[in-house]
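What follows is one structure encoded as structure tokens, with my remarks underneath.
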Amino acid sequence: MLIEGLTKKYDDKTVVDSVTFEIPKGKVLSLIGPNGAGKSTVMGIISRLVARDAGLVSFDGKDISKWKSRELAKRLAILTQSNNIQMKLTVRELVAFGRFPYSGNRTTKEDEEIIDKAIAYMELEEFQDRFIDELSGGQRQRAYIAMVIAQDTEYILLDEPTNNLDIYHATNMMKIVRRLCDELGKTVILVLHEINYAAFYSDYICAFVDGKIAKFGTVEEVMTKENLSQIYRVDFEIQEIEGKPLSIYY
Amino acid sequence: MNYAGKKVNTKKMIILAILVLAAAIAYIFVSVNFKYFGYTMKIRIPKLAVMLITAFCIGSASIVFQSIINNTIVTPCLLGMNSLYALIHTAVVFFFGSASLLARNKNLSFVVDLVLMGIIATVIYSYLFKKTKHNVLYVLLAGTVMSTFFSSMQSSLTRIMDPNEYDSLLASLVASFSNINSDIIVLSLVMIALVILILRKELVLLDVITLGKEQAINLGVDYDRTIRRLLLGVTLFIAIATAMVGPISFLGLIIANLSRQLFKTYRHTYLIAGSALIGMAVLVGGQIAVEQIFAYSVPISVFITVGGGLYFLYLLLRNRRA
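As given, the protein sequences belong to chains F and Y, one line each in that order. First residue of the first sequence: 260, per the numbering used here; consecutive thereafter. First residue of the second sequence: 3, per the numbering used here; consecutive thereafter.
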């Protein structure tokens, strides 16, 4: 997946300014940066939720606007933060929606097996007949991930998946992201606010400042004292824990 | 939905269908004077048909509209279609006169209604949806303003109109089930079938659309186009119902929510069928009461408005608690 010269303006304000990078396949890539740096907008454009003003997002050699939406849904899954459902929906029914691009409203026997596997993978068996609005934030997040797994795509885009989760659930979420990549071979792209989660759990980091890419590279390349101080404009110390550069800021 | 839930819901649907059937039979045969059997049937059967069609239109349009807007206490009346209907009819009589072909031929004026309402609603609302990035509150607010705007234009026209013309106009504006427009039954059935046929692909997407815009797009739905087309369908259904019996504002809200309460599912096949059936039962049952108990002294819209108002309050309070 290749992103070239992506630009987005709201009125006169340029929020994304000719951003170009390539998404490495089969890896975890984190987009970080201060508020308003444009990382969520870039994510929105890649996932066709936000319209762009200029640039290309080529997926498998074809621009995403030229893909049939239904076909793209079999290759690319998106999970955003705005998931409020007004309907009475059980966990299993939600996960079953992941099969919609393949089978529409009627699930086949094969779909049911995939749904079972996705539910088991996220350890949601005991909740599968509970209604979504009766679950805790962490459980609900897991249900949505199960749906994305059932959707069976090569690429998974997560917009701030650790938002509104406590340390326990947020850390679990990041472990799941790692497993999605390592065990299921998925390419995961996520927007993160916690830089240490990005440092510990991803392979590549792309840092945004003012709508432009400030740094793009492996975790070790990006996570240096100088880079981070420049990006966030506060003082940083880097410490190595379990072979990963983690940051302390104050 | 699990297997047991499906079975329960199917059972509920069958009971509802039997209720509607019973109400329909009761409506036709209660206190029939067999001396005038043929005459009675000539009045009652078209009336029954109109009620069933209206209930179907309002019931399904309300569910679809609520699912598009992602809010269960709105009704398509908020789009201002009722006042647009009144404006169109007033304008026709004002500019062409009540003796003109456009005003006299019911089928022709029905087609004009549908075309105008369809075009205006699509233009205004698809534009608004785009402009406000699907901000529903703006669209509903615009609907309310538009509705006032249409009504004011209409009342200005009636003020400077020939009083005789106004008299004949009033008959088509203040319609009730005692004063139905049965000339257009066939044409409206054709229109309904046509709308369903054209929107068959979009109707299947309703379940996914209730997951919200982002999830719908994620699952491969062409969201903007689907919403636009469904909205056009909602407008046409409301236009058909309005043309037949005149505005009944609260009915859609009541029956759509009763259906959601009864079936507790996200599956629109159940919700729409349930809403339509409940609507039929309410209308036919209510009309029996109006004709047999109240001897036409109170029109059914009074019951619907009073009952709908109370039910609306209940919904608001319940939502607040939750």
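In this text, a Cβ means the ideal position worked out from N, Cα and C, and glycines have one as well.
- Rounded to whole angstroms, serine 85 (chain Y) and leucine 315 (chain Y) show a C-alpha spacing of 24 Å.
- With fewer than 16 other Cβ atoms from the protein chains shown falling within 10 Å of its own Cβ, lysine 44 (chain Y) counts as exposed.
- At the C-beta level, glycine 276 (chain Y) and lysine 13 (chain Y) stay beyond 9 Å of one another.
- By the beta-carbon neighbour count (other beta carbons within 10 angstroms, threshold 16), leucine 116 (chain Y) is buried.
- Cβ-Cβ distances below 7 Å link phenylalanine 131 (chain Y) to Val141, Ile229 in the same chain, with the five nearest sequence neighbours on each side left out; the list follows chain order.
- A straight-line Cα-Cα distance of about 30 Å links leucine 208 (chain Y) and serine 317 (chain F).
- Relative to the Cα of glycine 320 (chain F), the nearest Cα in the group F:Lys286, F:Phe356, F:Ile282, F:Gly295 belongs to F:Ile282.
- Contacts with chain Y at 9 Å (Cβ-Cβ) do not include leucine 439 (chain F).
- Beyond the five residues adjoining it in sequence on each side, cysteine 59 (chain Y) comes within less than 6 Å, by CB distance, of Phe239, Ile242, Ala243 in the same chain, given in chain order.
- Under the three-state reduction of DSSP output, glycine 476 (chain F) falls in the strand class.
- Shortest Cα-Cα distance from serine 261 (chain Y) to any of Y:Ile250, Y:Val32, Y:Leu279 involves Y:Leu279.
- Our two residues, aspartate 224 (chain Y) and serine 328 (chain F), have alpha carbons roughly 7 Å apart in a direct line.
- C-alpha of leucine 118 (chain Y) to C-alpha of isoleucine 182 (chain Y): approximately 21 Å in a straight line.
- Taking serine 149 (chain Y) as the centre and dropping the five residues before and after it, the same chain places the C-beta of Gly82, Ser85 closer than 7 Å to its C-beta, in chain order.
- For chain F, the residues of the segment 211-234 of chain Y that bring a beta carbon within less than 9 Å of one of its beta carbons are Thr212, Leu213, Gly214, Lys215, Glu216, Gln217, Ile219, Asn220, Leu221, Gly222, Val223, Asp224, Tyr225, in chain order.
- Taking the CA atoms as reference points, alanine 93 (chain Y) sits about 7 Å from glutamine 156 (chain Y).
- Contact annotation: glycine 397 (chain F) and aspartate 425 (chain F) have beta-carbon atoms nearer than 9 Å.
- Residues of chain Y whose Cβ lies closer than 8 Å to the Cβ of threonine 300 (chain F) do not exist; the shortest such Cβ separation is about 14 Å.
- Within the segment 389-407 of chain F, no residue has a Cβ lying closer than 7 Å to any Cβ of chain Y.
- Contact with chain Y is found for methionine 346 (chain F), since one of that chain's Cβ atoms lies less than 9 Å from the residue's Cβ.
- Across the segment 348-370 of chain F, CB contacts with chain Y closer than 7 Å involve Leu348, Glu352, Phe356, Phe359, Pro360, Gly363, Asn364, in sequence order along the chain.
- Alanine 473 (chain F) has a beta carbon lying at 9 Å or more from every beta carbon in chain Y.
- In this structure, the beta-carbon distance from glutamine 498 (chain F) to asparagine 422 (chain F) does not fall below 9 Å.
- According to the DSSP assignment, glycine 314 (chain F) belongs to the beta strand (DSSP E) that extends over 313-318.
- A residue is called buried when at least 16 other Cβ atoms come within 10 angstroms of its Cβ; asparagine 11 (chain Y) meets this threshold and is buried.
- Under the DSSP assignment, alanine 336 (chain F) falls in the beta strand (DSSP E) whose first and last residues are 335-338.
- For alanine 377 (chain F), same chain residues with a beta-carbon under 6 Å away, outside a window of 5 residues either side, are Val354, Ala405, Ile408, Ala409 in chain order.
- Sixteen is the threshold: when 16 or more other Cβ atoms of the shown chains lie within 10 Å of the Cβ of serine 174 (chain Y), as they do, the residue is buried.
- The beta carbon of aspartate 276 (chain F) sits closer than 7 Å to those of Thr266, Gly470, Lys471, all from its chain and outside the five residues before and after it, given in chain order.
- About 7 Å separates the CB atoms of serine 64 (chain Y) and isoleucine 257 (chain Y); that is less than 8 Å, so the two are in contact.
- Taking a 10 Å sphere around the C-beta of isoleucine 415 (chain F), we find 16 or more other C-beta atoms and assign the residue as buried.
- By the neighbour-count criterion, in which a residue is buried when 16 or more other Cβ atoms sit within 10 angstroms of its Cβ, leucine 172 (chain Y) is exposed.
- Judged by DSSP secondary structure, glutamate 501 (chain F) falls outside any alpha helix (DSSP H); it is assigned neither H nor E.
- Note on glutamate 385 (chain F): under 16 other CB atoms within 10 angstroms of its CB, so exposed under the neighbour-count rule.
- For the 9 Å CB-CB criterion, leucine 449 (chain F) and serine 461 (chain F) form a contact.
- By DSSP's assignment, valine 350 (chain F) forms no beta bridge with any residue.
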